[in-house]
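Respectively, the protein sequence lines represent chains A and B. Here our numbering is used: the first residue of the first sequence is 32, the next is one more, and so on. Here our numbering is used: the first residue of the second sequence is 32, the next is one more, and so on.
Protein chains: 2
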Amino acid sequence: MEIREVFAQNLRAARQAKGMSQEELAHRADIDRTYISSLERSVYNASIDVVERLAMALGTEAAELLKRSQETSTNQVD
Amino acid sequence: MEIREVFAQNLRAARQAKGMSQEELAHRADIDRTYISSLERSVYNASIDVVERLAMALGTEAAELLKRSQETSTNQVD
Numbered sequence: 032m033e034i035r036e037v038f039a040q041n042l043r044a045a046r047q048a049k050g051m052s053q054e055e056l057a058h059r060a061d062i063d064r065t066y067i068s069s070l071e072r073s074v075y076n077a078s079i080d081v082v083e084r085l086a087m088a089l090g091t092e093a094a095e096l097l098k099r100s101q102e103t104s105t106n107q108v109d
Numbered sequence: 032m033e034i035r036e037v038f039a040q041n042l043r044a045a046r047q048a049k050g051m052s053q054e055e056l057a058h059r060a061d062i063d064r065t066y067i068s069s070l071e072r073s074v075y076n077a078s079i080d081v082v083e084r085l086a087m088a089l090g091t092e093a094a095e096l097l098k099r100s101q102e103t104s105t106n107q108v109d
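Structural data, given as structure tokens:
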């Protein structure tokens, strides 16, 4: 699975785990909501600064948002 | 410590642990050597695609290259 897809899935899961809307995450991270929506659909190739700002707004680490889970890494084998 | 600095330190450490020159890493990852040199000096704001390509060329994961170690996270407190 491509890193953009891994990031998209992790970002959405972390946001939803916090019960946060895209609107609220956008406000906290000072990033446009439509850009967050695009990131969650793997549309853009985010920079590490953006990954960091989103991670901080979600109370997690940038590395966590790029981490392949069992599910995302096994897909890579297909 | 800023994420660019964390990435710069992790990238250099992973490359040197493999005994790889910037030249060889550039060749393997199909990225310009001078860009790698700049990344190792925190000059640029790398994209996650670039982080992924460098991680694969180094036989590691993108998340590992953004991971804060004890040393890089304690600096954050200063």
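Cβ atoms here follow ideal geometry from the backbone N, Cα and C, with glycine treated the same way. Computed from a predicted structure; not experimentally measured.
Determine the extent of the alpha helix (DSSP H) in which residue i is found, giving its start and end residues.
i     : result
D80/B : 79-88
Y66/B : 64-70
E36/A : 34-48
E92/B : Neither: E92/B is in no alpha helix (DSSP H) and is coded neither H nor E.
R59/B : 53-60
If we count the other Cβ atoms within 10 Å of its Cβ and call it buried at 16 or more, is residue i buried or exposed?
i      : result
D109/B : At D109/B the pLDDT is 42, less than 50, meaning the model places this residue with poor confidence; the figure from the coordinates comes in the next sentence. Counting Cβ neighbours within 10 Å, D109/B comes out exposed, since fewer than 16 surround it.
V82/A  : buried
Using the Cα positions of residue i and residue j, report the straight-line distance between them to the nearest angstrom.
i      : j     : result
E36/A  : T91/B : 18 Å
S78/A  : T65/A : 16 Å
S100/A : E33/A : 13 Å
G50/A  : R72/A : 19 Å
Y75/B  : Y75/A : 18 Å
I67/A  : S68/B : 30 Å
Q86/B  : L89/A : Correcting the residue type first, residue 86/B is Ala in the shown sequence and not Gln. Between A86/B and L89/A, the C-alpha separation is close to 25 Å.
F38/B  : R84/B : 14 Å
L70/B  : N41/A : 25 Å
D80/B  : D80/A : 13 Å
Contact between the segment 44-54 of chain A and the segment 58-66 of chain B: three or more CB pairs below 8 Å?
-> no
Are three or more beta carbon pairs between the segment 93-101 of chain A and the segment 38-45 of chain A nearer than 8 Å?
-> yes
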